[in-house]
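Protein chains: 2
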Amino acid sequence: MYPEFKNFHQYFTEKALVAQKDFEKLLPYFSVEKYPKGHTLLSKGGVNKHIYFVEEGLLRFYTKDENGKEFILHFAPENWWLTDRNNLCSNEPSEFFIDAYEETSVVLLNHDFIEKATEISHEFRTFHEHILQRHIKQLYRRINLLISTPAKECYIEFLKTYPNITQRVPQWMIASYLGITPEAVSRIRKELASK
Amino acid sequence: MYPEFKNFHQYFTEKALVAQKDFEKLLPYFSVEKYPKGHTLLSKGGVNKHIYFVEEGLLRFYTKDENGKEFILHFAPENWWLTDRNNLCSNEPSEFFIDAYEETSVVLLNHDFIEKATEISHEFRTFHEHILQRHIKQLYRRINLLISTPAKECYIEFLKTYPNITQRVPQWMIASYLGITPEAVSRIRKELASK
DNA sequence: CGCGTGATTGAAACCCTTCAAGTTTAGTGG
DNA sequence: CCACTAAACTTGAAGGGTTTCAATCACGCG
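Listed in order, the protein sequences are those of chains A and B.
Residues -8 to 186 in my numbering are what the first sequence lists, from first letter to last.
Residues -8 to 186 in my numbering are what the second sequence lists, from first letter to last.
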């Protein structure tokens, strides 16, 4: 069923507990898009009112400093949500970048979808609140990690957050996510491997 | 008008643009509390379903590691919101602490207030979404700062985020917020003063 | 095959921490 | 009003972890 958005459907019915009949009512409110590797979905200064559900592939959300150096705020592999939430409500230009690191197919939603879905399905409404709040909690956890623990433990936590992603992204991106240099990641890995 | 929650009232009518008649309807749905300096509002392992609006004083939101060392996630002076959002929806025990660093009076809301206010006032509904999303954006900004810039600039950004707070909290709390030692803050200050 | 990108490793420099001592500040009681 | 005390802040020196820079290696791809 729904080969183009199998994960999305499964997520809605199994995780968000939205009834099949409600899901069917929402079909007109979203679309599926496929982007090639390297495709840019949002650039700094742009406005992008979409919410992405990653059906397959890998997106990343990042900033660039004045020298063009990238800092990855998070990765979004299969079954993750990604959006510049600030962009949804206001028309302020974004500070962030989003692009596809692998060939990626996404389910494209906008604010109307959320409105409709919360109206149709009480389960979705509850679930949507829940994921927003869990998102905030995870951001606090990350801040807490960054201010409280040395790089080695941050790396270990990264592995827990994104299992198997080390095989999918280059090491310098992990370094960029952790706020350290690729050389430091290499040394941490070496040390961890020797145990 | 409303001497006990003057700032709260002003915030609602001027910032959230809620009409006076709508604000009056909400009066039964909140209360005002005053806490002495040092009072604990939430401890790790506890559950606390309140949302605080700081009318006067200063709250702080923090974690502790296994040695009891504190890491401040944020401060909430006058006109700031504070809550453990994860606690609102679920009954999971909290990972965080909240306490009053100064004698503080807060406006106490719970989830029912938000429900009622979004129902009564369309302006509030829009505004509430807006502050949630701005909150997320600010958390991303802080993560970006922590992974991209050295301590000195983090300190300068801290001063912008919390003007005049340096006179209200000890230096070790600022260090704890920045993820560095009090000694390092002292040296950064010295360096900045010499310019 | 040669090129470019990414990973590894080493050495020096640097920033921040740790530890320790000294100084300032604020509060308290004589 | 001063003396005492505790807490906070400053300053110095040594040490550790990370960065920076550079050289080398590994791999995939035109």
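We treat Cβ as the ideally placed atom computed from N, Cα and C, and that holds for glycine.
A quick note: this is a predicted structure, and the numbers were derived from the prediction, not measured.
**Prompt:** Curious, which full-length alpha helix (DSSP H) runs of at least 4 residues does the segment 3 to 56 of chain A contain?
**Reply:** 11 to 17
**Asked** Just reading off the beta strand (DSSP E) that V176/B is part of, what are its end residues?
**Response** Segment 173 to 184 is the alpha helix (DSSP H) holding V176/B; no beta strand (DSSP E) there.
**Request:** Tell me, please, whether the CB atom of N135/A is closer than 9 Å to any CB atom in chain B?
**Result:** yes
**Request:** Can you tell me which of the three DSSP states F66/A falls into?
**Result:** strand
**Message:** Is S167/B close to chain A? Criterion is C-beta to C-beta, closer than 9 Å.
**Reply:** yes
**Proximal chain A residues relative to F62/B, where beta-carbon distance stays under 7 Å** = N135, I138, S139
**Request:** Please determine if the segment 72 to 89 of chain A and the segment 41 to 56 of chain A are in contact, where contact requires at least 3 C-beta pairs separated by less than 8 Å.
**Result:** Yes, the segment 72 to 89 of chain A touches the segment 41 to 56 of chain A.
**Request:** Just the chain A side, please: which residues come within less than 7 Å of R116/B by C-beta, in chain order?
**Result:** Under the 7 Å cutoff, chain A gives no residues; its nearest Cβ is about 11 Å from R116/B.
**Item:** T54/A and S139/B closer than 9 Å at C-beta
**Value:** yes
**Message:** Determine, for S177/A, whether the minimum Cβ-Cβ distance to residues of chain B falls below 9 Å.
**Reply:** no
**Item:** 7 Å Cβ cut-off: residues of chain B touching Q124/A
**Value:** Chain B residues near Q124/A: R76, N77, L79, C80.
**Prompt:** How would you list, in chain order, the residues of chain A whose beta-carbon sits under 8 Å from the beta-carbon of Y131/B?
**Reply:** L64, F87, L130
**Message:** Can you check whether the C-beta of T109/A is within less than 9 Å of a C-beta belonging to chain B?
**Reply:** no
**Asked** chain B beta carbons: is any one of them nearer than 9 Å to that of G59/A?
**Response** Not an interface residue.
**Request:** Closer than 8 Å by C-beta to L136/B: which residues in its own chain qualify, once you throw out the five before and the five after it? Chain order, please.
**Result:** E144, C145, E148
**Message:** Is the beta carbon of D90/B closer than 9 Å to that of G29/B?
**Reply:** yes
**Prompt:** From L64/B, R51/B, P84/B, pick the residue whose C-alpha is nearest to that of G36/B; which is it?
**Reply:** P84/B
**Message:** Measuring alpha carbon to alpha carbon, tell me which residue in F66/B, V97/B, E61/B, R76/B is nearest T172/B.
**Reply:** Put simply, of F66/B, V97/B, E61/B, R76/B the residue whose alpha carbon is nearest the alpha carbon of T172/B is E61/B.
**Message:** Taking only three categories from DSSP, how would you classify D75/A?
**Reply:** Of the three classes helix, strand and coil, the one that applies to D75/A here is coil, per DSSP.
**Item:** Rounded separation between S185/A and R178/A - CA only
**Value:** 11 Å
**Prompt:** Smallest Cα separation from K25/B: which of T152/B, R132/B, L49/B, F87/B?
**Reply:** Considering only alpha carbons, the answer is L49/B.
**Request:** Using a cut-off of 7 Å between C-beta atoms, extract the partners of E120/B located in chain A.
**Result:** Listed along chain A are C80, each with a C-beta nearer than 7 Å to that of E120/B.
**Prompt:** Between the C-alpha atoms of E106/A and R132/B, what's the straight-line distance to the nearest angstrom?
**Reply:** 27 Å
**Request:** Flag T54/A as yes if its beta-carbon sits less than 9 Å from any beta-carbon of chain B, otherwise no.
**Result:** yes
**Request:** Output yes or no for whether 9 Å exceeds the beta carbon distance between F21/B and F115/B.
**Result:** no
**Request:** Kindly list the residues whose CB is nearer than 8 Å to the CB of F104/B, restricted to its own chain and excluding five residues on each side of it in sequence; keep chain order.
**Result:** Hits under 8 Å: L17, Y20, F21, I42.
**Asked** Is the shortest distance between the beta-carbon of I127/B and the beta-carbons of chain A less than 9 Å?
**Response** yes
**Prompt:** Name the DSSP bridge partner or partners of A91/A?
**Reply:** A91/A pairs with L50/A.
**Request:** Starting from G36/A, find everything on chain B with Cβ-Cβ shorter than 9 Å and list it in chain order.
**Result:** Per Cβ cutoff of 9 Å: no residues; G36/A is ~15 Å from chain B at best.
**Request:** Give the residues of chain B in contact with G170/A, contact being defined as C-beta atoms less than 8 Å apart.
**Result:** Contact of G170/A with chain B by beta-carbon distance below 8 Å involves L137, I138, S139.
**Prompt:** Whole-angstrom Cβ separation of I165/B and H126/A, contact assumed at under 8 Å?
**Reply:** Contact doesn't hold; Cβ gap of about 27 Å is too wide.
**Asked** Under a three-way DSSP split, which group does S85/A fall into?
**Response** coil
**Message:** Looking only at its chain, what residues have a beta carbon closer than 7 Å to the beta carbon of K40/B, apart from the 5 residues adjacent to it on each side?
**Reply:** Once the five neighbours on either side are set aside, the close Cβ partners of K40/B are N78, L79, N101, H102.
**Item:** Which listed residue (F66/B, F(-1)/B, P27/B, G59/B) has its alpha carbon closest to that of I156/B
**Value:** F66/B
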